[in-house]
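Worksheet: the structure to be examined is printed underneath.
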Amino acid sequence: MTPRALKRGDLPVDTVTLARFLIGVTIIHELPEGIVAARIVETEAYLPDDPASHSHRGPTARNAPMFGRRGHAYVYLNYGMYWLFNISSEEPGIGAGVLIRAAEPVLGVETMMLRRPGKTGPDLLNGPGKLAAAMGIGPAQSGADLCDGGPLRLARPTRAAGEIGMSTRIGLTKAAEAELRFFERGNTWLSGPKALNR
DNA sequence: TCACTGATCGTCT
DNA sequence: GACGATCAGTGAG
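Everything in the first sequence is counted per the working numbering, starting at 3 for the first residue and increasing by one.
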């Protein structure tokens with residue numbers, strides 16, 4: 003069975019606190035082929051006034067969900083090919099969010115493999131583009147409320163989070179030195195170079 | 001395991 | 001008209 007859904011009130015308002023809170027939390031997505039669920043093991047915080055954040059230059063049609071209430075999906079196309087899944091944070095009017103970078107499968111591994119042909123194990127979900135592809139998250143989900151019982155939602159951890167590690171964020175050219183990446187230490191489903199996962 | 005490279009296109013300058 | 005919050009493939013150590 004699937005764990006109990008999270009309410010908005012369960013989510014910390016502060017972006018960094020939310021990024022840490024989300025480690026261990028379950029993402030559930032009901033797809034036409036069946037339900038998929040995964041346990042978040044790696045996140046990155048994108049703060050208000052963060053030069054690396056899409057919200058930095060103010061609201062636009064694309065990043066609007068980052069300025070809405072917390073607990074909404076912000077999905078955008080990166081490098082012309084990959085969709086990246088974020089969860090909005092902070093109070094309305096403040097642009098910030100948490101990028102979901104990696105997760106471990108809980109339900110629907112078969113469905114994930116169908117969406118990532120030829121891939122198995124960590125390769126299924128250990129990267130933001132891979133995770134969105136495996137879980138069927140795309141532009142249609144941008145702006146979706148993850149706390150209203152819809153097809154895409156958050157739920158309590160299936161297993162409590164272990165010790166949480168911290169590192170610089172991955173793939174940035176701006177504000178690359180800030181330690182705003184969070185992950186579960188020792189987890190085998192993490193993305194990024196080994197040196198960053200200690 | 002790490003470093004480098006090409007692929008590809010919506011968004012904002 | 002650039003520029004990416006990436007990935008897969010290749011080649012070297």
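Just so you know, even glycine gets a beta-carbon here, dropped at the ideal spot from N, CA and C.
Fair warning: this is a prediction, and the values are worked out from it, not measured in the lab.
When DSSP assignments are scanned along the region 78-146, the uninterrupted stretches of alpha helix (DSSP H) that are 4 or more residues long and fall wholly within it turn out to be 111-117, 130-136.
One alpha carbon belongs to Glu92, the other to Arg103, and they sit about 20 Å apart. The C-beta distance from Ile25 to Thr45 rounds to 6 Å, short enough to fall under 8 Å. The shortest CA-to-CA distance from Ile139 to any of Ile30, Ala47, Ala21 is the one to Ile30. Bounds of any beta strand (DSSP E) do not take in Arg6, whose DSSP letter is neither H nor E. When secondary structure is reduced to three states using DSSP, Leu20 falls in the helix class. Minimum Cα-Cα distance from Thr113 among the listed residues Arg161, Leu20, Asp12, Glu35 corresponds to Glu35. Assignment of Leu33 by DSSP, reduced to helix, strand and coil, places it in the strand class. Inter-residue distance for Arg59 and Gly97 is about 10 Å (C-alpha atoms, whole angstroms). When C-beta atoms of the region 46-57 are compared with those of the region 172-181, three or more pairs fall below 8 Å, so the two segments count as touching.
For Arg155, the enclosing beta strand (DSSP E) covers residues 154-157. Counting only residues of its own chain and dropping the five nearest sequence neighbours on each side, Ala162 has a CB closer than 7 Å to the CB of Gly26. Between the region 64-75 and the region 147-158 there are three or more inter-stretch CB-CB distances shorter than 8 Å, so the stretches are counted as touching.
In the structure shown, the three-state DSSP call for Ser169 is strand. Pairing Pro14 with Pro61, the inter-Cα distance amounts to about 22 Å. Annotated three-state conformation of Ala162 is coil, per DSSP.
Per the coordinates, the alpha-carbon of Leu127 lies some 30 Å from the alpha-carbon of Pro94. Setting aside the 5 residues that flank it on each side, Leu133 is surrounded in the same chain by Ala40, Phe87, Ile102, Arg103, Ala104, Ala105, Leu127, Ile139, each with a C-beta closer than 8 Å to its C-beta; the list follows chain order. The C-beta distance from Arg171 to Ala157 rounds to 26 Å, too long to meet the 8 Å contact threshold. Each of Lys121, Tyr48, Arg183, Leu79 was checked against the Cα of Ala142, and the nearest Cα belongs to Leu79.
In the structure shown, Ala39 falls within a strand segment according to DSSP collapsed to helix, strand and coil.
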